[in-house]
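Asker: Under the numbering used here, the first residue of the sequence shown is numbered 44, with each subsequent residue one higher.
For glycine and all other residues, C-beta sits at the position ideal for the given N, C-alpha and C.
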Amino acid sequence: MRRLLLLALTFLLVTPVPAPAVGTAPEDPGRRADGPAATAVPLPRLSAPPGGLHGHPLWDSWHDLEPFGYTESELLVSGTATSADGASTAPYTTRVVITRPQQRRDFNGTVLLDWVNVTAQFENAVDTLEAREMLLREGVAFVHVSAQKAGLCCTPLTPQVWDPVRYADLDHPGDAYAADMFAQVARAVRTRRVGSVRPLGPLRVRRVLAAGQSQSASRLHTFVNARPDGSGVIDGFLIHGGGGLEYGPRLRVPVLQMNSDWAESTGTPDDDPRFRLWEVAGSAHADFFIGHQQVFGQAPRVLDQPPKDRAGYEALIETAGNYGQVPDLLQAACTVAGATMPTRYAVSSALHRLDRWVRTGVAPAPTPRYRYSPDGQTPLRDADHNVRGGIRLPPMQVPVASYRSDDCQLGGITVPFSDQELAQRYPTFGDYQRRMRLATDRSVRRGWLLPADAVDMMRRVCAVRSRYPSADQGRCRGYRPPRFPRH
Numbered sequence: 044m045r046r047l048l049l050l051a052l053t054f055l056l057v058t059p060v061p062a063p064a065v066g067t068a069p070e071d072p073g074r075r076a077d078g079p080a081a082t083a084v085p086l087p088r089l090s091a092p093p094g095g096l097h098g099h100p101l102w103d104s105w106h107d108l109e110p111f112g113y114t115e116s117e118l119l120v121s122g123t124a125t126s127a128d129g130a131s132t133a134p135y136t137t138r139v140v141i142t143r144p145q146q147r148r149d150f151n152g153t154v155l156l157d158w159v160n161v162t163a164q165f166e167n168a169v170d171t172l173e174a175r176e177m178l179l180r181e182g183v184a185f186v187h188v189s190a191q192k193a194g195l196c197c198t199p200l201t202p203q204v205w206d207p208v209r210y211a212d213l214d215h216p217g218d219a220y221a222a223d224m225f226a227q228v229a230r231a232v233r234t235r236r237v238g239s240v241r242p243l244g245p246l247r248v249r250r251v252l253a254a255g256q257s258q259s260a261s262r263l264h265t266f267v268n269a270r271p272d273g274s275g276v277i278d279g280f281l282i283h284g285g286g287g288l289e290y291g292p293r294l295r296v297p298v299l300q301m302n303s304d305w306a307e308s309t310g311t312p313d314d315d316p317r318f319r320l321w322e323v324a325g326s327a328h329a330d331f332f333i334g335h336q337q338v339f340g341q342a343p344r345v346l347d348q349p350p351k352d353r354a355g356y357e358a359l360i361e362t363a364g365n366y367g368q369v370p371d372l373l374q375a376a377c378t379v380a381g382a383t384m385p386t387r388y389a390v391s392s393a394l395h396r397l398d399r400w401v402r403t404g405v406a407p408a409p410t411p412r413y414r415y416s417p418d419g420q421t422p423l424r425d426a427d428h429n430v431r432g433g434i435r436l437p438p439m440q441v442p443v444a445s446y447r448s449d450d451c452q453l454g455g456i457t458v459p460f461s462d463q464e465l466a467q468r469y470p471t472f473g474d475y476q477r478r479m480r481l482a483t484d485r486s487v488r489r490g491w492l493l494p495a496d497a498v499d500m501m502r503r504v505c506a507v508r509s510r511y512p513s514a515d516q517g518r519c520r521g522y523r524p525p526r527f528p529r530h
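(1) Report buried or exposed for C377, applying the criterion of at least 16 other Cβ atoms within 10 angstroms of its Cβ.
(2) Taking only three categories from DSSP, how would you classify F185?
(3) Considering only DSSP beta bridges, list what D484 is partnered with.
(4) Just confirm the distance between the C-beta atoms of L246 and A253, as a whole number of angstroms; I'd bet it's less than 8 Å.
(5) Which one of P134, D314, T136 and L155 has the shortest CA to CA distance from Q142?
(6) Roughly how far, in whole angstroms, is the beta-carbon of P87 from the beta-carbon of Q203, given that I think they are within contact range, below 8 Å?
(7) Output needed for A133: all residues of its chain with C-beta closer than 8 Å, excluding positions within five of it in sequence on either side, in chain order.
(8) Check this for me: beta carbons of L453 and A329, under 8 Å apart or not?
(9) Measuring CB to CB, does G367 end up less than 8 Å from T457?
(10) Could you tell me the boundaries of the alpha helix (DSSP H) in which R402 lies?
(11) Return the Cβ separation of G325 and N167 in integer angstroms, given the expectation that the two are a contact with Cβ distance under 8 Å.
(12) On a CA-only basis, which of V161, Q420, A163 and S121 is nearest G310? Give me that one, please.
(13) For the stretch 287-307 against the stretch 380-396, are there 3 or more C-beta pairs whose distance is under 8 Å?
(14) Do you know whose CA, among A444, R250, L288 and R249, lies nearest N268's CA?
(15) Measuring CA to CA, which of T403, G285 and T234 is closest to G255?
(16) On the three-state DSSP scale, how would you describe G340?
(17) Is the stretch 492-500 touching the stretch 400-409 in the sense that three or more CB pairs, one from each, lie closer than 8 Å?
(18) So who's on the other strand from L320, going by DSSP bridges?
(19) With DSSP as the reference, please indicate the residues paired to S618 in a beta bridge.
(20) Given a threshold of 16 other Cβ atoms within 10 Å of its Cβ, counted over all protein chains shown, does A514 qualify as buried or as exposed?
(21) Looking only at C-alpha atoms, which of H99, G244, I434 and F472 sits nearest to R148?
(22) Counting Cβ pairs, one atom from each stretch, are 3 or more of them under 8 Å apart for the stretch 90-98 and the stretch 178-196?
(23) What are the complete beta strand (DSSP E) segments, minimum 3 residues, inside the stretch 403-462?
(24) Could you tell me the distance, in whole angstroms, from the CA atom of R175 to the CA atom of A211?
(25) Reducing DSSP to helix, strand and coil, say where F165 ends up.
(26) Ordered along the chain, which non-local residues of its own chain (more than five positions away) have a Cβ less than 7 Å from that of P110?
(27) Shortest alpha-carbon distance to V159 belongs to which of V487, G152, N365 and T171?
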């Protein structure tokens, strides 16, 4: 029975639901043409939920946080929210899961709010899963925000069904109120003490960023158009894989939009100086890194298995981080895994650059766009079916696979080159390693790849050595990244 339940959870975790059209936000009544004036954001009430049937939150960390110097807590957030059109108010109670450094000395001052995706009728914290390694090493606190009603009820993987005791008090008035609820969460995490509750414990918050992927990106796009100053409580936005490329009023806080080549970037990007567009070549709407964590990390945790220890975490991330250098049957499994272009590196760099932009006022340099067909609607592809142009991470500059990011609707697949094809392109492992080193250096200098991720990238390159005959293997060399750019 337990095995059957795990299979059912796996199916639910990875089954795609059609995403909203780019630039739309379903069930949202819209905004006024000129956007409502920014008003003071109400401070909600915070309280701890009861222990419930499982004794832990739904969608808490699937791995132990203590080895990273982090801790986690769940809070109920209650207040009165105003609808997007300003015509009505309604009481609400939602929840947040806060993951933060334990000690003040390990905190970099930034909190990232993840407007979790609910397209599949359960909550999926895409960006904080993609950027998990960077967030933990840089001391960023991150918050799973249950902003939308579908994330709270009523499928088996929603809180009110999964644990009706712990989540008996949840009460979402509908997605028309989601934006104001999200803004109130932002104000709460900025506040040292809300009643008797310290939402971030001993930490002093200096910046709040917001991120959302796919449908959540479309929601954040609508949020920014209505509240170009972030309502005075959000300092910058990562809008990932959704939302239009244009914004109505002039932006008053930085917005970095990151899109895959899955029909997300058509149109002319806004020329606002506080806007940057990153188009990441080869990246799919969903990917192997997220799918592997969902199936082998989150699904067992939903079944109340204990969090994986650090060794278990490292083993899972090692497999999930495959960029196609090692063939794996799951690379053909659309949405379950599939696309292996390491989008996580781009998400991590985008969040790092957004944080620095907020801190220093220095915007990231503009990046190349995809190369499009004459109608401007379809990205051009090479003989390997890899898209042309855009931000080209090392696996796109020196490919070992065809990254078919537009196949399987949302998921994409990866078709690794055969050993023979690999040897035709790169006669020896040393040749492949040298080219990857140069490509990795370029990506670091351009700000597309963080130095720590560059080291991880080059470490993974060593796995390709075994795909060559012994005479052509050579030595796997260490790697020291170049200086990260100041711009």
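Answerer: According to the data block:
(1) For C377, the number of other beta carbons within 10 angstroms of its own is at least 16, and it is reported as buried.
(2) strand
(3) DSSP lists no partner for D484.
(4) Going by Cβ atoms, the distance from L246 to A253 rounds to 18 Å, so no, they are not a contact pair.
(5) With the sequence shown as reference, residue 142 is identified as Thr, and Gln is not the correct amino acid for it. The shortest Cα separation from T142 among P134, D314, T136 and L155 belongs to L155.
(6) About 19 Å; that fails the 8 Å criterion.
(7) T123, A124, S126, P216, G217 and Y220
(8) Contact flag set, yes.
(9) A distance below 8 Å separates the beta carbons of G367 and T457.
(10) T386 to T403
(11) Beta-carbon to beta-carbon, G325 and N167 are separated by about 22 Å, too far to satisfy the 8 Å threshold.
(12) Q420
(13) yes
(14) L288
(15) G285
(16) helix
(17) no
(18) Beta-bridge partners of L320 (DSSP): Q300.
(19) For the chain, the structure presents residues 44 to 530; residue 618 sits outside this window and is missing.
(20) exposed
(21) G244
(22) Counting Cβ pairs under 8 Å, fewer than three are found: no touch.
(23) The qualifying runs are 444-447 and 456-459.
(24) 30 Å
(25) coil
(26) R353
(27) Among V487, G152, N365 and T171, the Cα nearest to that of V159 is on T171.
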